[in-house]
Structures are given as structure tokens and as C-alpha cells.
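J.:
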Amino acid sequence: MINKQAEETDKIIEFNGQKIHTSIFTQGFVPGCDMKICGGQCCDCGVYMDKDFRNVILEHKEVIKEVMSPQQIKDESQWFDEEIIEDDDFPSGYAAGSNVFVDNIDREKCVFMDDNHYCSLQVAAMKMGLHKWAIKPTHCILYPVTLMGGVIMFDDEHSDNLLYCGIHEKQNFSQSVLEGTQEEIKYVFGEDMLNFLNDYYKKNFAPKYSIETAQKVDRRIYPNPENSSEPEVHNKLGEQ
Ligand code: SF4
Ligand code: SF4
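So for the sequence shown, our numbering puts the first residue at 1; every next one is plus one.
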């Protein structure tokens, strides 16, 4: 007999031609991104962005360098992978990766992550008075949601090894991925999409699936940021 619940958690729905996988309704997520707990671990391997988005970042390179920590790489020629890959999930059809570097606690992480585990792109945007996500790659904004093969879905692959919010850390979950990414989905896909997803969730999932209640978590993954007076800038591949 087909397991009805498994069927519902592994289904693709559609809104205005955009496909959405139901994993965003059933996967749990933490109460919020907290750098003091997770250290922005989702940023450790850098991120793919549209190859043309590199120019958006480079337009603001001076401010980005100003907000970077001393040990971050200030040479912009080292900010991105040389390799460009074909990927239809990006508007140009091609993606470029941000580079990684090893910091002074031997941690490999995205070139744009500072000593406080904040994303320098977001810190720079805020300093310039722009929207906090104006120069941040879309995949960073959306995480733990992603767009893969044209489908909006929970990024289970990247989540596999994350020690605070990862797919195996159920004891830390307090809400669904959809509930935890309302602002992000609205920013990237628009209010109509968000409203559709919320309605669908309320009708089909909220009554049936309950996410385990979060315990009080104080399990630090990385050392605390030294400068706690900085504005809190989460990462979510660095969020606020
Ligand atoms: S998504 Fe990233 S910033 Fe948010 S809790 Fe997970 S590791 Fe931390
Ligand atoms: S949020 Fe910023 S630090 Fe994190 S992966 Fe994206 S660009 Fe890098």
C-alpha cells in the first residue's frame, strides 16, 4: 500500500508556472538564524550565483573591503572561482562560485564571511543604505530554500552536515521551512507566491504535520564572535 503521508511530502505543486516541492512544508527549521549558536556554518563552502551577479558585487568592492575583517581577502580577483558552469537555474544560464579561504581558527569559509560570522555583502549593503539583500546572491538569501532544476525546494543536500539547523537536528526545530523563510520567499519570488504557499500550507499541511517543539539550545558550533556590538547580521548562506 502506498504511504499517503510519504506521497504528500514528496510532491510537486505549481503556481503561475513555477514548480514547488512540498518539502518546504514538511521539513522543520530552527526558530531563527543565530550566529552565536551556528556561526553561519551554511556559508562554509561558499555559494553559487549567476555569473553576472559578480559585477553587482564588484560595483561595491570598495565598501565591501572597508567592512571586511583584517584576515579576509581584499584582492577582488580572488573573490570568485575561475570556473563558470552551465546552470539553467540562474538567469544567464551560467553560475560562478564564491571562493573560500582558511581563517585563523583553521576554518574554511566563504571569502565574504567576516570574523563575526557575518556576510560582508550584507554588512556593506546596510552601510550603503541599500536593502540588506541588495548585493547578496539569491541562493544565500533563500537558504534553506533553494531553486534546483527549476523547482523551489528545501535544500536537503546542503543541510545534511549542518550541526544546528541541519536536516538531522530535529530537536532544534520549531517551525516549518516555509514559516522560517517568509521574508525571503516574498523578497525573491514575490508576495503572490508567498500568499499561495501560505494558503496551501494552511489547507494541506499545517493540520497534519507538527514540527517538534524546540528545546532551549545553547550548543555553540563555533567560538562566539568577539565583537558582539556589531549589528546582528545573519548568514543563511550570513541573515538578519
Ligand atoms: S541557515 Fe545558516 S545562518 Fe541559519 S541557522 Fe543554519 S547555519 Fe545558521
Ligand atoms: S551569505 Fe555571504 S558569506 Fe555566506 S555564502 Fe553567501 S556570500 Fe558567502
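Think of the CB as a built atom: it goes at the ideal place given N, C-alpha and C, for glycine as much as any other residue.
None of the values given here were measured: they were computed from a predicted structure.
So, with DSSP's three-state summary, where would you put M128?
T.: Coil.
J.: Could you compute how far the alpha carbon of E62 sits from the alpha carbon of K11?
T.: Taking the straight line joining both Cα atoms gives about 45 Å.
J.: What are the residues that DSSP puts in a beta bridge with Y48?
T.: Its beta-bridge partners are G97.
J.: Take T138 as the anchor and find which of Q72, V47, G150 has the nearest alpha-carbon.
T.: Taking only the C-alpha atoms, the option nearest T138 is V47.
J.: Work out the CA separation of G28 and A214 for me, nearest whole Å.
T.: Only weak support is given to the placement of A214: the predicted model assigns it a pLDDT of 47, under 50, and the value that follows is read from those uncertain coordinates. Looking at the two C-alpha atoms, the distance is approximately 10 Å.
J.: Helix or strand or just coil, what does DSSP make of M35?
T.: Here M35 sits in helix by DSSP.
J.: Heavy atom of ligand 2 less than 7 Å from the Cβ of V47, yes or no?
T.: Yes, the Cβ of V47 comes within 7 Å of a heavy atom of ligand 2.
J.: Closer than 7 Å by C-beta to K249: which residues in its own chain qualify, once you throw out the five before and the five after it? Chain order, please.
T.: Nothing about residue 249 can be read from this structure; the chain reaches only from 1 to 240.
J.: Which value, in whole angstroms, describes the spacing of the CA atoms of W79 and K36?
T.: Taking the straight line from one Cα to the other gives about 25 Å.
J.: Quick one: does the C-beta of C43 sit closer than 7 Å to a heavy atom of ligand 2?
T.: Flag set: Cβ of C43 near ligand 2.
J.: Between the segment 164 to 179 and the segment 37 to 56, are three or more C-beta pairs nearer than 8 Å?
T.: A contact exists between the segment 164 to 179 and the segment 37 to 56.
J.: Report the residue from E59, D106, I105 whose alpha carbon sits nearest the alpha carbon of E76.
T.: Ranking E59, D106, I105 by Cα distance to E76 puts E59 first.
J.: For G97, which of V111, G129, L130, D199 has the nearest alpha-carbon?
T.: It is V111.
J.: Tell me the rounded alpha-carbon separation between K109 and S120.
T.: One C-alpha to the other measures close to 13 Å.
J.: For the alpha helix (DSSP H) containing V56, name the first residue and the last one.
T.: Unbroken alpha helix (DSSP H) run through V56: 53 to 58.
J.: Which residue comes first and which comes last in the beta strand (DSSP E) that contains V145?
T.: Per DSSP, V145 belongs to the beta strand (DSSP E) from 145 to 148.
J.: Please tell me whether, using a cut-off of 7 Å, the distance from the CB of V30 to the nearest non-hydrogen atom of ligand 1 is below it.
T.: Yes, the beta carbon of V30 sits closer than 7 Å to at least one heavy atom of ligand 1.
J.: Quick one: Cα of I185 to Cα of M148, how far?
T.: Approximately 15 Å, taken between the alpha carbons.
J.: By Cβ distance below 7 Å, which residues in the same chain neighbour K216 in space, the five residues on each side in sequence not counted?
T.: A caution first: K216 carries a pLDDT of 49, below 50, which makes its placement in the model too unreliable to give a value.
J.: Report the option in V30, F154, H117, S69 whose CA atom is closest to the CA atom of Y143.
T.: Comparing Cα-Cα distances from Y143 to each of V30, F154, H117, S69, the minimum goes to F154.
J.: Look at the alpha carbon of Q175 and the alpha carbon of T181, and state the distance between them as a whole number of angstroms.
T.: Between Q175 and T181, the C-alpha separation is close to 10 Å.
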